[in-house]
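Student: Okay, here's the structure, questions in a sec.
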Amino acid sequence: MRCPAPRARQDPEETAWRGAQPPWRRSPSSSCAPAHRPAHAAPSAPPGPLGGTAAEAAGAALVARRAAARGSDGLGFGRCPEAEDLPGPIRCATLRVPLDYARPDGPQISLTVSRIAATGARDAVRQGALVHNPGGPGASGMYFPLVADLPGWERIAAAYDLVGYAPRGVGRSAPLSCQDPATRAAGPTRVPAEPSPAYKRQRLAAARAYARGCARRAGAALPYYTTLNNVRDLDVLRAALGERKLSFTGASYGTYLGAVYATLYPGRVRRMVLDSAVDPDPRRIWYRNNLDQSAGFERRWYDFRAWAARHHDTYGLGATPAAVQASYERVRDAVARKPAGGVVGTGELRAAYLQAAYYDDVWPDRAAALAAHLRGDPAPLTTQAAPDPDPETAAGAENATAVYTAVLCNDASWPADWETWDRDHTELARRAPFETWANAFINLPCASWPVRERQRPVAVGVQPERLPPTLVVAAERDGATPYPGALELQRRLGAGASLVTEAGAGSHGVVGGRNHCVDRHVERYLLTGATPGWRVTCAPHPEPAPVSLDDRAASARRALLPPVV
701 MRCPAPRARQ
711 DPEETAWRGA
721 QPPWRRSPSS
731 SCAPAHRPAH
741 AAPSAPPGPL
751 GGTAAEAAGA
761 ALVARRAAAR
771 GSDGLGFGRC
781 PEAEDLPGPI
791 RCATLRVPLD
801 YARPDGPQIS
811 LTVSRIAATG
821 ARDAVRQGAL
831 VHNPGGPGAS
841 GMYFPLVADL
851 PGWERIAAAY
861 DLVGYAPRGV
871 GRSAPLSCQD
881 PATRAAGPTR
891 VPAEPSPAYK
901 RQRLAAARAY
911 ARGCARRAGA
921 ALPYYTTLNN
931 VRDLDVLRAA
941 LGERKLSFTG
951 ASYGTYLGAV
961 YATLYPGRVR
971 RMVLDSAVDP
981 DPRRIWYRNN
991 LDQSAGFERR
1001 WYDFRAWAAR
1011 HHDTYGLGAT
1021 PAAVQASYER
1031 VRDAVARKPA
1041 GGVVGTGELR
1051 AAYLQAAYYD
1061 DVWPDRAAAL
1071 AAHLRGDPAP
1081 LTTQAAPDPD
1091 PETAAGAENA
1101 TAVYTAVLCN
1111 DASWPADWET
1121 WDRDHTELAR
1131 RAPFETWANA
1141 FINLPCASWP
1151 VRERQRPVAV
1161 GVQPERLPPT
1171 LVVAAERDGA
1181 TPYPGALELQ
1191 RRLGAGASLV
1201 TEAGAGSHGV
1211 VGGRNHCVDR
1221 HVERYLLTGA
1231 TPGWRVTCAP
1241 HPEPAPVSLD
1251 DRAASARRAL
1261 LPPVV
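In case it helps, the numbering used here puts the sequence shown at residues 701 to 1265.
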């Protein structure tokens, strides 16, 4: 896929619907947008035909018409602020949108946007803007224009302006914060392999405190960080770019954003690539999706252990997945007694090895770090797992967590009683212990979320008109967004949706340099609109070679699309 995941200062109990921010995108955290309603009040008005209220739908239409009337020059692209850390050819702008679409002339927020113009190389005909959302929710796409210089993107960059943006709440787009980044737990943190009743009570209290912090710091803006508003913002961005129809790529949560957009605005879809699909079934948004994800991570954790076992001669971690698990547990017990480098405890260890359930290109480094620690050398593990002390990194991680939490909690109803959470996760943890409780605790603020009325998830696929051809891409063993979600998304998008499957692979985020077969289908679709058929399969990309830390320099990695989450 991509660059190795950065070592952001993250909660060790962190889930993976959202991941670390790209290393070149660090954003300060600050208070949210102007307040004008009580923090505990969600919008209440007659429902719209598909999602939200009729007033919100009308307000969104008005804002989009105004944006289109100003023309693409209305965004005023210019030199990017230094804080974005983007090179000169990329230009930046801000897009004004209402905090509450039911009040289109009420308090406004600004979203940051980045763009690099189509190169026109080899006399390519410009096809408009290609907008990208990398997922999360909580990740910024401001870096997206950088892919113009990556191998395999030349023809797409010749035909499209590549447009990234930071969704509401993210980075400098009305940044959302739920706690002071300086108060986030610093390493080492101690996370039990099996949570005791006392530890569960501690995490429940922390989740309630975190939810209160979101309400206190965001104020009346809190209910307006939702997928529905993200979709409305995306449509306003389309109009402001001067595009009659949207060409879009979305990864992970970005696939759900794209699917909801296609449901609300089917006539405005031009081309849409949805990579590593979230299951859009309203019954699974979001509580059950996170249960599915924990089971998916367990399968992918097995894949890592099986790979390490096949390379026992290199790493010495054991010749079976069970033996590799035992090696991991020995390291876990060791850092529980004596944190690696004084900063890597069991929490940091699990957060670092969660990345192995996301991306197989980190497998050699993670296996080598375990091997080194068992030989008495904690330095590689410390390098890979230690919290980043940079205050900007801490602020970016806190901001990403806040947006992730607010959007998922606002989007749908969650069980309010701890007994349901405890029962469901206790049962799941018996067969999927690796990440189940960590996932539960990071999402637990949604049980006591201080917004009275949550959104009702959009019934993706009930759009009133036929969609143009769309392209869904998925890895068969993806843990973060399990493969059944791609099948469900294709079914709901209808007969024009094509599914490209990377068989036998599981890295999260398929598009962008790892699998040439997949990338050929994506490039052809974006350039011509032609899909490869109802369902096609690509062979898996090669597994990473076993490279020890001593000779890792011999392993040349390709330049890939930056991280999706």
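No residue lacks a Cβ here, since even glycine has one placed at the ideal position from N, Cα and C.
#1: Counting along the chain, where does the beta strand (DSSP E) carrying Val931 start and finish?
#2: Thinking just about the alpha-carbon of each residue, which of Asp861, Gln879, Gly913 is nearest to the one in Leu946?
#3: Measuring CB to CB, does Gly752 end up less than 8 Å from Leu928?
#4: Which one of Ala769, Gln1155, Ala1159, Val1173 has the shortest CA to CA distance from Thr955?
#5: Leaving aside the five residues before and after Val936 along the sequence, list all residues of the same chain whose C-beta is less than 8 Å from its C-beta, in chain order.
#6: To the nearest angstrom, how far is it from the Cα of Glu1176 to the Cα of Ala1057?
#7: Nearest-angstrom Cα distance between Val1151 and Pro923?
#8: What residues in its chain sit with their C-beta under 7 Å from that of Val931, if we drop five residues either side in the sequence?
#9: In three-state DSSP terms, what is Ile809?
#10: Report the three-state DSSP secondary structure of Tyr865 (helix, strand or coil).
#11: Just verifying my parser: in three-state terms, what is the DSSP assignment at Ile790?
#12: Considering only the alpha carbon of each residue, which of Pro1182, Glu1165, Pro1145 lies closest to Ala915?
#13: Pick out whichever of Ala893, Ser1207, Pro1164 has its Cα sitting closest to the Cα of Gly1194.
#14: Please state whether DSSP places Asn833 in a helix, a strand or coil.
#15: Spell out the partners DSSP gives Gly778 in its beta bridges.
#16: Bridge partners of Thr949, per DSSP?
#17: Taking 8 Å as the cut-off, decide whether the C-beta atoms of Pro837 and Pro867 are in contact.
#18: Around the C-beta of Ala1245, are 16 or more other C-beta atoms found within 10 angstroms, so that it is buried, or is it exposed?
#19: Determine which residues share a DSSP beta bridge with Val1200 and list them.
#20: Out of Trp1149, Ala995, Ala848, which has the shortest C-alpha to C-alpha gap to Leu786?
#21: Do Leu1167 and Val1222 count as a contact pair if the criterion is CB distance below 8 Å?
#22: Would you list the residues sitting across from Val797 in a DSSP beta bridge?
#23: Let me know the secondary structure DSSP gives Val1247 once reduced to three states.
#24: Just mark Ala1051 as buried or exposed, buried being the case when its beta carbon has 16 or more other beta carbons within 10 Å.
#25: Going by beta carbon distance, what residues of the same chain come within less than 6 Å of Gln879, once the five residues before and after it are set aside?
#26: Could you check which residue in Ala1068, Val1210, Val973, Asp800 has the C-alpha nearest to that of Gly1016?
#27: In whole angstroms, what is the alpha-carbon distance linking Gly1229 and Arg815?
#28: What are the boundary residues of the alpha helix (DSSP H) that includes Arg1192?
#29: Ignoring anything shorter than 3 residues, give me the beta strand (DSSP E) runs that lie fully in the region 878–927, in order along the chain.
#30: Pull up the CB-CB distance for Leu1070 and Val1044, whole angstroms please, since I reckon it's below 8 Å.
#31: Quick test of the definition: if touching needs 3 or more C-beta pairs under 8 Å, does the region 1034–1043 touch the region 1079–1088?
#32: So what does Ser814 bridge to, in DSSP terms?
#33: For Asp1124, I'd like the list of residues in its chain whose CB is within less than 7 Å of its CB, leaving aside the five on either flank, ordered along the chain.
#34: Comparing C-alpha positions only, which one of Ala755, Arg901, Glu782, Phe948 sits nearest to Gln827?
#35: For Ala1159, which of helix, strand or coil comes out of DSSP?
#36: Report the rounded CA-to-CA distance for Gly776 versus Ser877, giving the unit in angstroms.
Tutor: The answer reads as follows:
#1: The residue you call residue 931 lines up with position 231 of the sequence shown. Taken as a continuous stretch (DSSP letters only), Val931 belongs to no beta strand (DSSP E), being part of the alpha helix (DSSP H) at 927–940.
#2: Counting from 1 along the sequence shown, the entry for residue 946 is found at position 246. Nearest C-alpha to Leu946: Asp861.
#3: In the sequence shown, counting from the first residue as 1, residue 752 sits at position 52. In the sequence shown, counting from the first residue as 1, residue 928 sits at position 228. Closer than 8 Å, so yes.
#4: Working through the sequence shown from its first residue, we reach residue 955 at position 255. Ranking Ala769, Gln1155, Ala1159, Val1173 by Cα distance to Thr955 puts Val1173 first.
#5: For this step, residue 936 is matched to residue 236 along the sequence shown. Closer than 8 Å at Cβ, skipping near neighbours: Ala760, Val763, Ala764, Ala767, Leu795, Val797.
#6: Position 476 of the sequence shown, counted from the first residue, corresponds to residue 1176. Position 357 of the sequence shown, counted from the first residue, corresponds to residue 1057. Roughly 13 Å separates the two Cα atoms.
#7: To locate residue 1151, count along the sequence shown from 1; it is residue 451. To locate residue 923, count along the sequence shown from 1; it is residue 223. Taking the straight line from one Cα to the other gives about 6 Å.
#8: Here residue 931 is taken as the residue at index 231 of the sequence shown, counted from 1. Cβ neighbours of Val931 beyond the five flanking positions: Leu957, Val960, Tyr961, Leu964.
#9: Position 109 of the sequence shown holds residue 809. If DSSP states are grouped into helix, strand and coil, Ile809 belongs with the strands.
#10: Indexing the sequence shown from 1 puts residue 865 at position 165. Looking at Tyr865 - three-state DSSP - the assignment turns out to be strand.
#11: Sequence index remark: in the sequence shown, residue 790 carries index 90 (1-based). DSSP places Ile790 in coil when its eight states are reduced to three.
#12: Sequence index remark: in the sequence shown, residue 915 carries index 215 (1-based). For Ala915, the nearest C-alpha among the options comes from Pro1145.
#13: Within the sequence shown, residue 1194 is the residue found at index 494, counting from 1. Nearest option by C-alpha distance: Pro1164.
#14: Taking the sequence shown and counting its residues from 1, the one referred to as residue 833 is at position 133. The answer is strand: DSSP assigns Asn833 an E or B state.
#15: Along the sequence shown, one-based indexing puts residue 778 at 78. DSSP, once it has assigned bridges, lists Cys792 as partnering Gly778.
#16: Taking the sequence shown and counting its residues from 1, one reaches residue 949 at position 249. Beta-bridge pairing links Thr949 to His832, Val973.
#17: The residue given as residue 837 occupies position 137 in the sequence shown. The residue given as residue 867 occupies position 167 in the sequence shown. Yes, they are a contact pair.
#18: On the sequence shown, position 545 is the one that residue 1245 refers to. Answer is exposed; the Cβ neighbour count stays below 16.
#19: Walking along the sequence shown from the start, residue 1200 turns up at place 500. DSSP lists Val1173, Val1236 as partners of Val1200.
#20: Within the sequence shown, residue 786 is the residue found at index 86, counting from 1. Comparing Cα positions, the closest option is Ala848.
#21: For this step, residue 1222 is matched to residue 522 along the sequence shown. For this step, residue 1167 is matched to residue 467 along the sequence shown. Contact: no.
#22: The residue labelled residue 797 in the question sits at position 97 within the sequence shown. Paired residues: Ile809.
#23: Mapped onto the sequence shown, residue 1247 falls at position 547. Here Val1247 sits in coil by DSSP.
#24: Position 351 of the sequence shown, counted from the start, is the residue given in the question as residue 1051. Buried, because 16 or more other Cβ atoms sit within 10 Å of the Cβ of Ala1051.
#25: Locating residue 879 in the sequence shown gives position 179, where the first residue counts as 1. Cβ neighbours of Gln879 beyond the five flanking positions: Gly913.
#26: Looking up residue 1016 in the sequence shown gives position 316. For the residues Ala1068, Val1210, Val973, Asp800, the minimum Cα distance to Gly1016 belongs to Ala1068.
#27: For the purposes of this step, residue 1229 is taken as the residue at position 529 of the sequence shown. For the purposes of this step, residue 815 is taken as the residue at position 115 of the sequence shown. If you take the alpha carbons of Gly1229 and Arg815, they lie about 22 Å apart.
#28: The count along the sequence shown starts at 1 and reaches residue 1192 at position 492. From DSSP, the alpha helix (DSSP H) with Arg1192 extends over 1184–1193.
#29: none
#30: In the sequence shown, the residue the question calls residue 1070 occupies position 370. In the sequence shown, the residue the question calls residue 1044 occupies position 344. Contact doesn't hold; Cβ gap of about 12 Å is too wide.
#31: yes
#32: By one-based count along the sequence shown, residue 814 stands at place 114. DSSP, once it has assigned bridges, lists Cys792, Gly864 as partnering Ser814.
#33: What you label residue 1124 is simply residue 424 of the sequence shown in a count that begins at 1. Excluding residues within five positions, the ones whose Cβ falls inside 7 Å are Leu991.
#34: As a working note, residue 827 is residue 127 in the sequence shown. Of the listed residues, the one whose Cα sits closest to Gln827 is Phe948.
#35: Here residue 1159 corresponds to residue number 459 of the sequence shown, with the count starting at 1. Three-state DSSP puts Ala1159 in coil, outside helix and strand.
#36: Position 76 of the sequence shown, counted from the first residue, corresponds to residue 776. Position 177 of the sequence shown, counted from the first residue, corresponds to residue 877. So the alpha carbons of these two residues sit roughly 28 Å apart.
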